[in-house]
Amino acid sequence: MGLERFRVKTPGIVTLLSRPLLCIIGLLLAFCLPACEAFNLDVDKPAVYSGPTGSYFGYAVDFYLGDGVSCSVVIGAPKANTRQLNVKEGGSVFYCPWSLSQSDCHIIEFDTEGDRVVLLNDTEHQADFKSHQWFGATVRSHGDTILACAPLYSWRTEKDIPHSDATGTCYLSVHNFTKFVEYAPCRTEFSDAAGQGYCQGGFSADFTTDGKVVLGGPGSYYWQGEVITAAKEEIIKAYYPGYFMQSVKGQIQTKQVRLDHDDSYQGKKLIKMCGFYDECTSTQMGSYFGYAVATTDINSDGMTDLLVGAPMFMVRGSDGRLEEMGRVYVYQQRGPLTLELHVPHLTGTQAFGRFGSTIAPLGDLNQDGFNDVAISCPFGGEDQQGLVYIYNGYSEGLRDKPSQVITGQWAAGTIPASFGFALRGAKDLDMNGYPDLIVGAFGVNKAVLYRSRPIVNTSASLTVYPTMINPEEKNCMVTSGNTSIPVSCVNLSFCISADGKHLPDFQVEVQLDSHKHKQKSAVKRALFLDSQQPLLQRNVRVRHGERVCNHTKIYLRDEKDFRDKLSAIYVALNFSLNPNAAADSRGLQPILNYQTLNVIEQKAQILLDCGEDNICVPDLKLSVHGDRKEVYLGDDNSLTLTFNAKNEGEGGAYEAELYVVLPPEADYSGIARTSMLTCSYETENQTRYLSCDLGNPMKSGANLWAGLRFTVPRLKDTHKTVQFELQIRSKNENNSHSEVVPYKLEVVVQADVILQGVSRPDKIFFPPANWKVTKNYGVEQDVGPAVEHIYELVNNGPSRISHTLLELRCPLSLQGHTLLYPLEFYTEGSINCTADKNMNHLQLKVSDATYKQYVLECLARYSVKKMPYAIPPKHAPSGHKKVVTPVVWNKPDIENSVPLWIIILAILAGLLLLALLIYVLYKFGFFKRSLPYGTAMEKAQLKPQAASEA
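For the sequence shown, our numbering assigns the number 161 to the initial residue and increments by one for each residue that follows.
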């Protein structure tokens, strides 16, 4: 039946698509095709059919039932070369039988004849032109009949010579390839643009449910377009080989209408339901509304619904710019020829992806009683491989979220892969009871068959009984080494039932304490009794209609091993199909219904000492005291907060903690020395807090005192207060927290400033020795004795000062007489001094000095005028210091002089008195020497012991 054979295979590595390009092929826009994927379509092992390079194999696809027993695929390749004489790229249709093993694709020989000629006036003229006719651009099947069209086929009549008209033509293969007939209803005497000369019949085509052929010819009557329909039996009867024009009995076609309908392209895409056309209009110019249409009953109400694609629909993005996304409009039939637009619309999410380029009814993929639909987005995907979306029908229409998305497998070459440009479904190729889907990707000369996996419907239950674990009731034993330990336990059971056409083993997982978001830590509080582990895994075999149950026990761990006694222990049952289970007879792994709830949770409470209802309701009270109310800018500000925590409720507070939120200015130093407390210091979302354990539980009637130490070193003058926030928190469901208690500290500016002063020397004698009064002063000694007054201004903090005024007052005169003569200021540090009198106005020579020089008494006053903070000080520092230099007045030098003779006489008298004194002492024996130990007799009387002691 065919000359060329091409293999079908299951691909391994999936390649990526390169950036797709927008191509114009003939009169068609080539929209990018995506790979379609419904939730139970098998994308792991698709069957991939390949055609000749550059043939556009996959431009059109369909299923072929043939004899009704086996099912195959027919694939159009409109640019394929054929055996036809002198025909280049005439186009072909391939027949690809399906089996689990590799299969061959064969060319269906619809037309083996080359271009035909006619004899006019003894001259042969070429009558038709089959090169580049795009045969196979449209392929449809119905029963044992295949319809294939060449919309760019041209022919010419006598009056057309030397011109030709693109009328288009189609062929029918009937009775399982035993007969081929041509059907070209636009090849008539009404030629040129005004008639059917540019008809392009077969641009779109389909079969009605009763087997009638419907062709679309968008170019007729100045591109008004037309739709032509005829029974395939009548077409077969009217066919005569060699005749260009034929008359088909019962053929119906639309007529030419008013001129304002020119360029309306009726027939470019066929709508099967007459009467729908006027009710379906686009809401946006240039959206290509109607580029794709499909009909199916999506809500199982017995009436056919309509889907219309607008692949160039524009959507305004968040930045206000319009982006081409594509849209599909869903019209539900509410009565005979009465349509209702379903909202929300199905709108694409891929810019320039051309969502809605192709729409294909799929039948009921998941066997839930509602038909499903595939919609292509040919240039969609991260790398523009193309996408196909599967939408499921339900009682209200079509679900607005896809249940499965299939991604194209090939990178673009010189043209886009166009995966999804052709879609066909609603046929069960492998006869497993589920419809399949075939997707064309003509840019890479591929067609991909996705088969539906069998669906398993399940139901499961999980039971924990009793639902309360009493820690005081040790009703089970756990073996640890050679020791048996009594524990508290409860029963657990889980059951699974299933139905489906192929039931593999289930893989069941039961996990304890699985609700991790309800636990502060990952500690498992309960374990399975037999394994002493928190996880139980089983493989379960379930037969059709059977219910399989498993029973076990779980026990509570020792209380010292966990803190959370209040929240429930969660038990989660998670089941799935065993991935290692054998495939069915057709090589497909079953899949769980995507609407199946395959995770079931139950919980068990720990019995608490909280009355019959097992509900503890604490009443938490907190008071806070501190050892200071103010903190000073510039200081470390040590602080001790003493708190009193009480529980005055009827039940314990579980996992009770003192929660202290630290201000940014503070640091935690530790626990007060007398406090018995365990605290942890943590940071969360830039909030620093202290968490101190108050008991698990903090029992009713508890009254706790403790202290916490902090420092507050990072004060800023932008805030006048610093606030700590303290609260008691527990994990109880009712009344779990105390009120938040703030402890506020006032930020204060304070500086301890001291002014000190001394005089050097501490007193003076005036007038000094050898001082002569003169009116000609040359050096400072000529004026009088020098006095240094030393002043020191000290800031003992803690806050800084930035501007201080020091005023010094000294008496310069007394009773009209000059008292002191100011010479100079000598300073240390950043001090600027000014005086209301000129320093050293006599320009005396000044000796080296380092401090101020004044005479007698001076008074210094200081006042802090400014501190470098936005917060003003409570008290501006100020004070004074008096420095006094006592003056001892001496008599004049003339009154103190002694005559020389009196001095000599006094010396002589002194010598005489000394000689007299020596003589008197001599006479009394004062100068006689005596032995150190007395006479010899006295020595003899001394005993050795006494001598020794002496």
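Virtual Cβ for every residue (Gly too), placed ideally from N, Cα, C.
Item, Value
"Chain-order list of residues whose beta-carbon lies under 6 Å from that of Tyr-448 (same chain, five-residue window excluded)", "Ala-470, Pro-471 and Met-472"
"Val-708 versus Asn-635 - alpha carbon distance", "27 Å"
"Distance between Leu-506 and Tyr-489 (C-alpha atoms, nearest Å)", "7 Å"
"Close Cβ partners of Asp-1111 (< 6 Å) along its chain, the five nearest in sequence each way excluded", "Residue 1111 lies beyond the range of the chain shown here (161 to 1110); nothing can be said about it."
"Cβ-Cβ distance between Pro-345 and Gly-377 below 9 Å", "yes"
"Cβ-based burial, Ser-840 [other Cβ within 10 Å; buried from 16]", "exposed"
"Met-1027 classed as buried or exposed, judged by whether at least 16 other C-beta atoms fall within 10 angstroms", "buried"
"Inter-residue Cα distance where the pair is Glu-632 and Phe-884", "41 Å"
"Cross-strand partners of Lys-1034 (DSSP beta bridge)", "Lys-1034 pairs with nothing; no bridge assigned."
"Within 9 Å, strictly: CB atoms of Val-233 and Tyr-224", "yes"
"Separation of Ala-728 from Ile-566, as counted between CA atoms", "42 Å"
"Which of helix, strand or coil DSSP assigns to Gly-917", "strand"
"Neighbourhood of Thr-838 by C-beta, 6 Å cutoff - its chain only, sequence neighbours within 5 removed", "Asp-853"
"Environment of Phe-722 [buried if 16+ CB atoms lie within 10 Å]", "buried"
"DSSP bridge partner residues for Asn-699 (one or two, in chain order)", "Gln-667"
"DSSP three-state assignment for Asp-853, whether helix, strand or coil", "strand"
"Sequence ranges, alpha helix (DSSP H) only - wholly within the segment 372–402, length at least 4", "380–383 and 392–398"
"Contact under 9 Å by Cβ, Ala-764 with Thr-627", "yes"
"Length of the line joining the Cα atoms of Asn-894 and Ile-629", "20 Å"
"Beta-carbon spacing of Glu-342, Tyr-399 below 9 Å", "yes"
"Unbroken beta strand (DSSP E) run spanning Ile-550, endpoints", "547–554"
"Given Lys-720 as reference, the closest of Tyr-451, Lys-684, Cys-993 and His-897 once Cα atoms are compared", "Lys-684"
"Three or more C-beta pairs below 8 Å linking the segment 894–913 and the segment 869–885", "yes"
"Coarse secondary structure for Ala-601, derived from DSSP in three states", "strand"
"Contacts around Ala-365, its chain only, beta-carbon distance under 8 Å, and the 5 residues preceding and following it disregarded", "Thr-298, Arg-300, Leu-307, Cys-309, Cys-330, Val-373, Val-374, Leu-375, Gly-376 and Leu-430"
"Residue environment, Leu-793, which counts as buried when at least 16 other CB atoms sit within 10 Å", "buried"
"Entirely enclosed beta strand (DSSP E) segments - the segment 222–291, minimum 3 residues", "232–237, 252–257, 264–267, 277–280 and 283–286"
"For Ser-314 and Val-247, believed in contact at Cβ under 8 Å, the rounded distance", "With a Cβ gap of about 12 Å, Val-247 and Ser-314 do not count as contacting."
"Beta-carbon contacts of Val-702 that lie in its chain and below 7 Å, excluding the five residues immediately before and after", "Ile-656, Ser-657, Ala-658, Leu-663, Phe-666 and Val-708"
"Residue span of the alpha helix (DSSP H) that contains Gly-811, given as start and end", "Here Gly-811 belongs to no alpha helix (DSSP H), and DSSP marks it neither H nor E."
"Beta carbon of Leu-801 nearer than 9 Å to that of Val-791", "no"
"Local Cβ density within 10 Å of Asp-718, reported as buried at 16 or more and exposed below that", "exposed"
"Euclidean distance between Cα positions of Leu-558 and Asp-532", "8 Å"
"Cβ pair count under 8 Å reaching 3, the segment 686–697 against the segment 755–762", "no"
"Phe-512 burial status per 10 Å Cβ neighbour count (16 or more: buried)", "buried"
"Cα-Cα separation between Ser-351 and Leu-260, rounded to whole angstroms", "50 Å"
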